[in-house]
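Engineer:
Number of protein chains: 2
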Amino acid sequence: MAQNTRIVLDNRPTSEATPGNFKLETVETPSLKDGEVLVRHHYLSLDPYMRGRMNDAKSYAAPQPLGEVMIGGTVGEVVESRHPRFAPGDAVVGMGGWQQYSVVDATQPGALRKVETTHVPLSHYLGAVGMPGVTAWYGLVKIIDPKPGQTVTVSAASGAVGSAVGALAKARGCRVVGIAGGPDKCAYVKDELGFDDCIDYREHKDYLSLAKALKQACPHGIDGHFENVGGMVLDAVMLRTNAFSRIAVCGMIAGYDGQPLPMANPALILVNRMRVEGFIVSEHMEIWPEALTELGQLVGSGRFRPRETVAQGIESAPEAFIGLLKGRNFGKQLVKLV
Amino acid sequence: MAQNTRIVLDNRPTSEATPGNFKLETVETPSLKDGEVLVRHHYLSLDPYMRGRMNDAKSYAAPQPLGEVMIGGTVGEVVESRHPRFAPGDAVVGMGGWQQYSVVDATQPGALRKVETTHVPLSHYLGAVGMPGVTAWYGLVKIIDPKPGQTVTVSAASGAVGSAVGALAKARGCRVVGIAGGPDKCAYVKDELGFDDCIDYREHKDYLSLAKALKQACPHGIDGHFENVGGMVLDAVMLRTNAFSRIAVCGMIAGYDGQPLPMANPALILVNRMRVEGFIVSEHMEIWPEALTELGQLVGSGRFRPRETVAQGIESAPEAFIGLLKGRNFGKQLVKLV
C-alpha cells in the first residue's frame with residue numbers, strides 16, 4: 001500500500017481544456033489480489049489523443065468517464081507483485097494513468113510489459129520506443145510505404161510522432177521535409193533530428209503560400225505525407241502531391257469553434273490518384289513487436305534521441321497537458337513523478 | 339476511302355461547355371498503309387471525362403488539342419483492312435473519336451479489339467462491357483472490396499458506371515443503395531437495376547438532410563462507397579460510414595465557378611479509419627480481361643441490361659454531350675452513327 005496522488009476528470013471542457021476540468025486527490029492504493037502488481041510510476045506520458053477523450057462525443061474511443069483517473073501511458077518500477085512474471089525492481093510500461101501508483105491486473109495480456117533500460121532510457125518507452133513511435137511506424141511503413149529516393153513530409157515534425165516518422169523515413173533513404181511551428185522547432189527538426197528541410201507554417205498566411213514553400217523544399221513533389229494536424233497544412237501538401245501519393249491520417253484538428261475544418265480541394269485525390277487513409281495504432285497490435293524492434297535499435301544505438309519536455313510532479317500534469325495542446329512543448333511531453 | 343463527317347474542338351469553354359465549342363467538318367478518309375484498318379463506327383460513346391479534356395488545365399490526361407477530332411470510344415465494323423488479324427465485317431471496339439469513320443494503326447497493342455455480338459449487343463461494349471463497366475469493377479473490386487452482407491452506396495447510380503457498380507455489388511451479396519437525381523432515375527435504379535434502395539439527392543437541401551435519408555436506407559451504416567460526383571453527396575455519405583470503410587473516388591465535380599468544392603468533414607477519415615482512394619481505370623490495364631469477363635457474363639446472361647440513351651447522327655453529338663453533363667441522359671449516353 002502507498003499514498004497515491006492522482007488526477008481525475010472533474011468536468012468536460014466547453015471549448016478549450018482548462019486546469020479547472022481536472023481535480024487532484026490522494027487515496028491509499030488497495031492491497032493486491034492474486035495476479036496483481038503495484039507499480040510506482042516514474043514518468044507519465046501526455047498525448048494529444050487525451051483531449052478527444054475529454055469530450056462526450058462519438059469517436060473511435062469511449063469518452064474518459066468523469067470522476068475517474070485520466071487515462072495515460074506510464075513507465076515505472078514494480079514495488080510489489082503477486083504475479084510470478086513480475087518482481088520488485090522490474091522496469092515496466094503500462095497504461096497507469098495520471099497518478100503516482102497503479103495496481104495492474106498483470107494476467108491481462110499486454111497490460112504490463114517488462115523493458116530493458118541498459119540501452120534505452122526508461123522515458124523513451126513512452127515516446128520513440130512506445131506508442132508515438134509505433135504510430136509513426138504504422139503510418140509510414142504500412143500506409144505510406146516509401147521507396148528510397150521518394151519525398152516524405154510530416155506535420156508536427158518536432159513532436160513525438162513526427163520526429164519518429166522522420167527517423168524511420170531517413171532510415172529508408174527518403175528525402176524528409178518537416179512542417180512545424182516556429183523557428184526554434186524548425187531548427188531542431190533540421191539540426192538535431194536530421195530532416196532534410198523544415199518549413200515554419202506560422203510564416204504563411206494561407207495554404208497557397210505554404211504550398212509555395214513546399215514546392216521549394218520538395219522539388220520532386222511529395223510521394224508520402226504523414227498528417228498529424230490537418231487544415232491548412234494538409235491543404236498545402238495536397239497541392240504538391242505526386243501521382244499515386246499516400247497520406248497517412250493520424251491527427252486532424254477541428255476549427256476554433258469545434259466545427260469540422262474542411263478539406264479545400266478533395267478533387268486532388270482523384271487528379272493525383274491519391275490514397276488517403278486514417279488509422280489508430282491500437283487497432284494494429286500485430287505490428288508492435290516489429291515496430292518496437294526497429295525503434296529500439298534506432299534509439300539504443302543513439303542514432304535517434306528525440307528531445308523530451310519534462311514537467312515535475314503529478315500536480316503539474318494539467319498545465320503541461322494544456323501547454324502540449326498549444327504546442328508549447330518541445331518533443332515528447334512527459335511528467336516526472338519521482 | 340469514304341466521306342467522313344467528324345467533330346473537332348474549335349475553342350475551349352470559358353465556363354459551361356456549349357455547342358459553339360465544337361465544329362462539324364467533312365473530309366475524305368486517307369488510303370490505308372500496311373497494318374492499318376478502316377472502321378465504320380456504329381456507335382460513339384459520350385462520357386463525362388471528355389469535359390475535363392476540353393480544358394487547358396493540368397490534369398492526369400493531356401488536354402484535347404484544338405482543331406483535332408474529339409476523343410471518344412467507338413464500336414463499329416471493319417470495312418477495309420491491311421492487317422492480317424482483321425477482316426471486313428469484324429465487330430471492333432476502339433477509340434475512334436467523334437466521327438463516322440476512323441483509320442486505326444492495328445499494330446499498336448490495344449488500339450482495336452474484336453468482340454463477339456451473339457450474346458452481347460454491340461453498343462454495350464461502350465458501356466457495361468466497356469470502359470464504364472471496367473471502371474465500376476476496378477473501384478468496387480480493387481478498392482472497396484466488399485464482403486457479402488456489407489452495404490455499398492454509389493452516386494450517379496443510374497449512369498453507366500453507377501449501374502455497373504450496383505450489378506457487381508449485388509452479385510457479391512451486398513446491400514446496394516444508389517443516389518441519383520430525380521424520381522424517374524431513382525425508380526429505374528430500384529425497379530430495373532435492382533438496387534435495394536435509391537435516394538433522390540434533389541429532395542435534400544444540404545448534406546445533413548441527405549445524410550438522414552442515408553441513415554434510413556443504410557440501417558447498418560455504409561461499408562463502401564463509389565463516388566462519381568463529390569460535393570454534397572460525398573459529405574453526406576462520409577457521415578454514415580462505418581469503421582474501416584472504403585471510398586473509391588472516380589469522379590469529383592467542381593463548384594459552379596470552377597473553384598474546388600471542399601470536403602466538409604475530413605476528420606471523419608480518421609474517426610472512422612477510412613481509406614479514400616482515387617483511380618483512373620486506364621492506368622490498370624492488367625485488370626481489364628478479368629473485369630470484362632465478369633461484365634460480359636452479367637450482360638450476356640441478361641441479368642444486367644442497363645438502359646441506353648441514343649442520339650441519332652454525328653451532328654447530334656455536341657447537344658447530347660451537353661445534355662449528359664446536365665444529367666439529362668438515362669443510363670449510358672450513345673450517338674448512333676449508322
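Protein chains in written order, with our numbering: chain A, 1 to 338; chain B, 339 to 676.
Beta carbons are placed, not taken as given, at the ideal position from N, Cα and C, and that holds for glycine.
In angstroms, rounded to a whole number, what distance separates the CA positions of A602(B) and E415(B)?
Structural biologist: The count along the second sequence starts at 1 and reaches residue 602(B) at position 264. The count along the second sequence starts at 1 and reaches residue 415(B) at position 77. The alpha-carbon atoms of A602(B) and E415(B) are separated by roughly 48 angstroms.
Engineer: Scan the segment 440–490 of chain B and note each continuous beta strand (DSSP E) run of 3 residues or more that stays entirely inside, going in chain order.
Structural biologist: Here the runs fully enclosed are 450–452.
Engineer: May I have the straight-line CA-CA distance separating G504(B) from Y439(B), to the nearest angstrom?
Structural biologist: By 1-based counting over the second sequence, the position of residue 504(B) is 166. By 1-based counting over the second sequence, the position of residue 439(B) is 101. Between the alpha carbons of G504(B) and Y439(B) lies a gap of roughly 34 angstroms.
Engineer: Quick check: the Cα distance between G434(B) and P183(A), rounded to an integer number of angstroms?
Structural biologist: On the second sequence, residue 434(B) is found 96 positions in, with the first residue counted as 1. On the first sequence, residue 183(A) is found 183 positions in, with the first residue counted as 1. Cα to Cα, the separation comes out at about 58 angstroms.
Engineer: Our contact map puts V571(B) next to L548(B) with C-beta atoms below 8 angstroms; I'd like the distance itself, whole angstroms only.
Structural biologist: Mapped onto the second sequence, residue 571(B) falls at position 233. Mapped onto the second sequence, residue 548(B) falls at position 210. Correct: roughly 7 angstroms between the Cβ atoms.
Engineer: Chain B partners of V276(A), CB-CB under 7 angstroms?
Structural biologist: Position 276 of the first sequence, counting from 1, holds the residue named residue 276(A). What V276(A) touches in chain B: I607, V614.
Engineer: Going along the chain, which residues of the segment 529–556 of chain B sit with their C-beta nearer than 8 angstroms to a C-beta in chain A?
Structural biologist: none
Engineer: For the segment 218–230 of chain A, which residues have a beta carbon sitting closer than 9 angstroms to at least one beta carbon of chain B?
Structural biologist: Those residues of the segment 218–230 of chain A placed with their C-beta closer than 9 angstroms to a C-beta in chain B are E227, G230, ordered along the chain.
Engineer: Of all the CB atoms in chain A, is at least one closer than 8 angstroms to the CB of V587(B)?
Structural biologist: Counting from 1 along the second sequence, the entry for residue 587(B) is found at position 249. Yes - at least one Cβ of chain A is within 8 angstroms of the one on V587(B).
Engineer: Among V154(A), T74(A), V141(A), which residue has its Cα nearest to the Cα of V115(A)?
Structural biologist: Your numbering for residue 115(A) matches position 115 in the first sequence. The candidate whose alpha carbon is nearest that of V115(A) is T74(A).
Engineer: Cβ of N603(B) less than 8 angstroms from any chain A Cβ?
Structural biologist: The count along the second sequence starts at 1 and reaches residue 603(B) at position 265. So, interface residue.
Engineer: If the criterion is Cβ atoms closer than 8 angstroms, does the pair G127(A) and P306(A) meet it?
Structural biologist: Taking the first residue of the first sequence as position 1, residue 127(A) is located at position 127. Taking the first residue of the first sequence as position 1, residue 306(A) is located at position 306. Against a cut-off of 8 angstroms, the Cβ pair of P306(A) and G127(A) comes out as a contact.
Engineer: Which chain A residues sit within Cβ distance under 9 angstroms of P598(B)?
Structural biologist: Translated into positions along the second sequence, residue 598(B) becomes position 260. Result: A264, N265, P266, A267, L268.
Engineer: So which residues on chain A does F668(B) lean against when the C-beta distance must stay under 7 angstroms?
Structural biologist: Walking along the second sequence from the start, residue 668(B) turns up at place 330. Correct list: empty, because the minimum Cβ distance to chain A is about 25 angstroms.
Engineer: What is the DSSP secondary structure of Q216(A), reduced to helix, strand or coil?
Structural biologist: Position 216 of the first sequence, counting from 1, holds the residue named residue 216(A). DSSP places Q216(A) in helix when its eight states are reduced to three.
Engineer: What residue from S155(A), A61(A), M131(A), P30(A) has the CA that sits closest to S81(A)'s CA?
Structural biologist: Counting from one through the first sequence, the residue named residue 81(A) turns up at place 81. Closest option to S81(A), Cα to Cα, is P30(A).
Engineer: Which chain B residues are close to M252(A), counting only those with a beta carbon under 7 angstroms from its beta carbon?
Structural biologist: To locate residue 252(A), count along the first sequence from 1; it is residue 252. The contacting residues are P604, A605, L608.
Engineer: Out of I481(B), T364(B), E624(B), A395(B), which has the shortest C-alpha to C-alpha gap to F582(B)?
Structural biologist: As a position in the second sequence, residue 582(B) is number 244, starting the count at 1. For the residues I481(B), T364(B), E624(B), A395(B), the minimum Cα distance to F582(B) belongs to I481(B).
Engineer: Does any CB atom of chain B fall closer than 8 angstroms to the CB of I144(A)?
Structural biologist: In the first sequence, the residue the question calls residue 144(A) occupies position 144. Chain B contact via Cβ: absent.
Engineer: I'd like to know if L345(B) contacts chain A, where contact means its C-beta is closer than 8 angstroms to some C-beta of that chain.
Structural biologist: Within the second sequence, residue 345(B) is the residue found at index 7, counting from 1. The question names Leu, but residue 345(B) is Ile in the sequence shown. I345(B) does not count as touching chain A.
Engineer: For chain B, is any of its Cβ atoms less than 8 angstroms away from the one on I280(A)?
Structural biologist: For the purposes of this step, residue 280(A) is taken as residue 280 along the first sequence, with counting starting at 1. Yes, contact with chain B.
Engineer: Could you pull out every residue in the same chain whose Cβ sits closer than 6 angstroms to the Cβ of D428(B), ignoring the five residues on either side in sequence?
Structural biologist: Position 90 of the second sequence, counting from 1, holds the residue named residue 428(B). Only V416, K452 meet the Cβ criterion.
Engineer: Taking DSSP as the reference, what is the three-state secondary structure of K543(B)?
Structural biologist: The residue you call residue 543(B) lines up with position 205 of the second sequence. Looking at K543(B) - three-state DSSP - the assignment turns out to be coil, as it is neither helix nor strand.
Engineer: Going by DSSP in three states, S496(B) sits in which element: helix, strand or coil?
Structural biologist: As a position in the second sequence, residue 496(B) is number 158, starting the count at 1. Note: S496(B) maps to coil in three-state DSSP.
Engineer: Between V527(B) and G471(B), what straight-line distance do the alpha-carbon atoms span, to the nearest angstrom?
Structural biologist: Indexing the second sequence from 1 puts residue 527(B) at position 189. Indexing the second sequence from 1 puts residue 471(B) at position 133. Approximately 16 angstroms, taken between the alpha carbons.
Engineer: Would you mind giving the Cβ-Cβ distance between E615(B) and R53(A), rounded to the nearest angstrom? I have them listed as a contact below 8 angstroms.
Structural biologist: By one-based count along the second sequence, residue 615(B) stands at place 277. By one-based count along the first sequence, residue 53(A) stands at place 53. In this structure E615(B) does not touch R53(A) by the C-beta definition: roughly 30 angstroms separates them, more than the 8 angstroms allowed.
Engineer: Any Cβ of chain B within less than 8 angstroms of the Cβ of R305(A)?
Structural biologist: Residue 305(A) sits at position 305 when you count from the first residue of the first sequence. Output row for R305(A): interface = no.
Engineer: Report the rounded CA-to-CA distance for A425(B) versus Y138(A), giving the unit in angstroms.
Structural biologist: Numbered from its first residue, the second sequence carries residue 425(B) at position 87. Numbered from its first residue, the first sequence carries residue 138(A) at position 138. About 56 angstroms.
Engineer: Can you list, in chain order, the residues of its chain with a C-beta nearer than 6 angstroms to that of C524(B)? Leave out the 5 residues immediately preceding and following it.
Structural biologist: Indexing the second sequence from 1 puts residue 524(B) at position 186. Excluding sequence neighbours, C524(B) sits near A518, C536, D538.
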